[in-house]
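First comes the structure, then the notes that go with it.
There are 2 protein chains.
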Amino acid sequence: MGILFKFVTMNDPLFYCPHPETGILPPEEVHHLVRVLRMRSGDTILVTSGDGTCYQAILQEVTPKKATYRLGSQMPHSPRPYQVKIAVAPTRKPDRNEWMVEKMVELGIDEIWFVKTTHTHLETFNRVVNPDRIDKIATAAMKQSGQFKLPRFHIGVEWSDFLAQQGESRGFIAYVPEKGTASHLLSAAQGSTNSLVLIGPEGDFTPEEVEMATQAGFELVSLGATRLRTETAAVAACHILHLAQL
Amino acid sequence: MGILFKFVTMNDPLFYCPHPETGILPPEEVHHLVRVLRMRSGDTILVTSGDGTCYQAILQEVTPKKATYRLGSQMPHSPRPYQVKIAVAPTRKPDRNEWMVEKMVELGIDEIWFVKTTHTHLETFNRVVNPDRIDKIATAAMKQSGQFKLPRFHIGVEWSDFLAQQGESRGFIAYVPEKGTASHLLSAAQGSTNSLVLIGPEGDFTPEEVEMATQAGFELVSLGATRLRTETAAVAACHILHLAQL
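First to last, the sequence lines map onto chains A and B. 61 is the number that my numbering gives to position 61 of the first sequence; each next residue is one higher, with no gaps. Take any residue in the second sequence, note its place counting from 1, add 246, and you have its number in my numbering.
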């Protein structure tokens, strides 16, 4: 807990390019580069494909519609020595779900699972968890927060299938029985370098789902004293998994 | 860190009433009671004025436009043994600012200061920090999270005036110098029962503002390894102040 920290200060603006080696920025990045940052040929930028690596690059041709660059050296970057994974039943409202993705990516997350539970609102699921929008939000949040890695998304997994797939992570389920107690996730997750936390939907897990999860090895944990909305609980859990590493 | 936790389960729905002794629910609460929860005369509810107390009550007259109740006994409730305070320069966009208020109230917060710093966008300040909307959001989040206390808001305080008013709290400023280090807030705030964290605006504090704060006794702290947006940093700091008490 006495560790000292330093922000990674990125002096050059960071851009997303799924294929850095092409030397061409995607059209959606060009507007920001030209109109907002008013960058020109010869200026230096950083380019990442969201796979954990990042390159310096020098702008070549810059027009209002197009920007090319020459790839430079790879930036030194050590990956996080632990994995943060959250599985959550999406909220009914898209904005709360998208906000949740944005904030988890800002804090740092490796995998996000959108699962289907008994109380998950299936009529809105596909509209709320729109892969294109989610990818766009995650990419913007990754750049904003100075990171080079996008999370992996797993969308629409059934509860029982999901539980069967979690061999390698240490699993936690944010659920406190009405007449029971549970350790706080901050203490429970200490020492774990690959943690996955399950967050219930609006309307919570059913007792059967909790039973299935505990039988699959997931540990009951509390996220604190107040009752949190689904999206707040997911972000809090993601945050706690980082803090448990201090 | 080994403390056990239990959610406060509120079996009856909680309503906000600035003057519980009148026995009349505010009109904005009646819709939810009648249309959403379909409650009737004789049903029990909980009523709070947001001052930390909560009463049981029995519904009397219930019509689509009006709901009266008979006040019952006060609910046992022990206040938090520590104070959580955040001072922040509001974001430019109202939705991000309102989201920040909602999430800090859900997690639990005693005071929110909206301060004016050099990089605070003054043209949007009054529109973004709309007291009526902020109150409404805080009230909804308080009820949602099963709490009985609204935070105190301090709106539009100048930086120098603000710094002069912080005698009793232990102060922290979320700022890591470009070539320096700072302790993480989680370790720095341990043992403090009255903490106030300053969060910079989009564009951050100026070095002069940081110097003024440290001279006024505020300690430099880090919130972690990734670069957080203003509203994310404020919510993370609020969350950390709770976790530092475990």
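Glycine included, C-beta positions come from ideal geometry on N, C-alpha and C.
Exposed unless 16 or more other CB atoms sit within 10 angstroms - verdict on residue i
i               : result
T363 of chain B : buried
D132 of chain A : exposed
K149 of chain A : buried
T309 of chain B : exposed
L37 of chain A  : exposed
S287 of chain B : exposed
L489 of chain B : buried
L250 of chain B : Any reading at L250 of chain B needs caution, since the residue's pLDDT is 35, under 50, leaving its predicted position unreliable; the model's value is listed next. Answer is exposed; the Cβ neighbour count stays below 16.
G191 of chain A : exposed
R416 of chain B : buried
N126 of chain A : exposed
P266 of chain B : buried
A236 of chain A : buried
T439 of chain B : exposed
L279 of chain B : buried
G413 of chain B : exposed
P201 of chain A : buried
E344 of chain B : buried
G354 of chain B : buried
W405 of chain B : buried
Chain C within 7 Å of residue i, Cβ atoms only
i               : result
K103 of chain A : The question asks about chain C, but that chain is absent: this structure's protein chains are A and B.
Contacts that residue i makes with chain A (C-beta to C-beta distance below 9 Å)
i               : result
S391 of chain B : T226, R227, L228, R229 and T232
Inter-residue CB distance, residue i and residue j (contact presumed, cutoff 8 Å)
i               : j               : result
P475 of chain B : E106 of chain A : Checking the displayed sequence, the identity of residue 475 of chain B turns out to be Arg instead of Pro. Contact holds; Cβ gap of about 6 Å.
L292 of chain B : L260 of chain B : 4 Å
G23 of chain A  : L71 of chain A  : 6 Å
K103 of chain A : T478 of chain B : 6 Å
A213 of chain A : L246 of chain A : At roughly 27 Å, the Cβ-Cβ gap does not stay under 8 Å, so A213 of chain A and L246 of chain A are not in contact.
T366 of chain B : A335 of chain B : 4 Å
I401 of chain B : A435 of chain B : No, I401 of chain B and A435 of chain B are not in contact; Cβ-Cβ is about 25 Å, not under 8 Å.
P151 of chain A : D204 of chain A : At roughly 24 Å, the Cβ-Cβ gap does not stay under 8 Å, so P151 of chain A and D204 of chain A are not in contact.
V374 of chain B : T337 of chain B : 7 Å
R301 of chain B : M321 of chain B : Strictly speaking, residue 301 of chain B in this sequence is Tyr, with Arg absent from that position. Correct: roughly 7 Å between the Cβ atoms.
P26 of chain A  : C17 of chain A  : 6 Å
K66 of chain A  : V30 of chain A  : 6 Å
D258 of chain B : T290 of chain B : 5 Å
A225 of chain A : M100 of chain A : About 21 Å separates the two Cβ atoms, so there is no contact after all.
Closer than 9 Å at the beta carbon, the chain B residues around residue i
i               : result
L243 of chain A : H430, L432, G470, H485, I486 and L489
For residue i, the residue or residues it bridges with in DSSP
i               : result
F172 of chain A : A:V197 and A:E219
R398 of chain B : B:E357
R70 of chain A  : A:I58
S253 of chain A : There is no way to answer for residue 253 of chain A, as the model of chain A reaches only from 1 to 246.
K179 of chain A : BP columns for K179 of chain A are empty, so no partner.
Q83 of chain A  : A:N194
K116 of chain A : A:E158
I240 of chain A : Its beta-bridge partners do not exist; DSSP assigns none.
H277 of chain B : Answer is none; H277 of chain B lacks a bridge partner.
I45 of chain A  : A:A57
H184 of chain A : A:S222
V88 of chain A  : A:F114 and A:I199
D341 of chain B : Beta-bridge pairing links D341 of chain B to no other residue.
Partner residues on chain B for residue i, Cβ-Cβ distance less than 8 Å
i               : result
A236 of chain A : L353 and H485
L246 of chain A : H430, L432 and S433
Neighbouring residues, chain A, relative to residue i (Cβ below 8 Å)
i               : result
W345 of chain B : W99
Legend entry - Stretch pair the segment 420 to 436 of chain B + the segment 379 to 386 of chain B: three plus CB contacts closer than 8 Å: Below 8 Å, too few C-beta pairs join the segment 420 to 436 of chain B and the segment 379 to 386 of chain B to call them touching: fewer than three.
Legend entry - At least 3 beta-carbon pairs within less than 8 Å: the segment 388 to 396 of chain B vs the segment 290 to 297 of chain B: Counting Cβ pairs under 8 Å, three or more are found: they touch.
Legend entry - the segment 83 to 103 of chain A / the segment 183 to 203 of chain A touching (three or more Cβ pairs under 8 Å): Yes: at least three Cβ pairs fall under 8 Å.
Inset, instruction - Please confirm if the segment 209 to 222 of chain A is in contact with the segment 178 to 192 of chain A, defined as three or more CB-CB distances below 8 Å between the two stretches. - result: Touching, yes, given that three or more Cβ pairs across the two stretches are closer than 8 Å.
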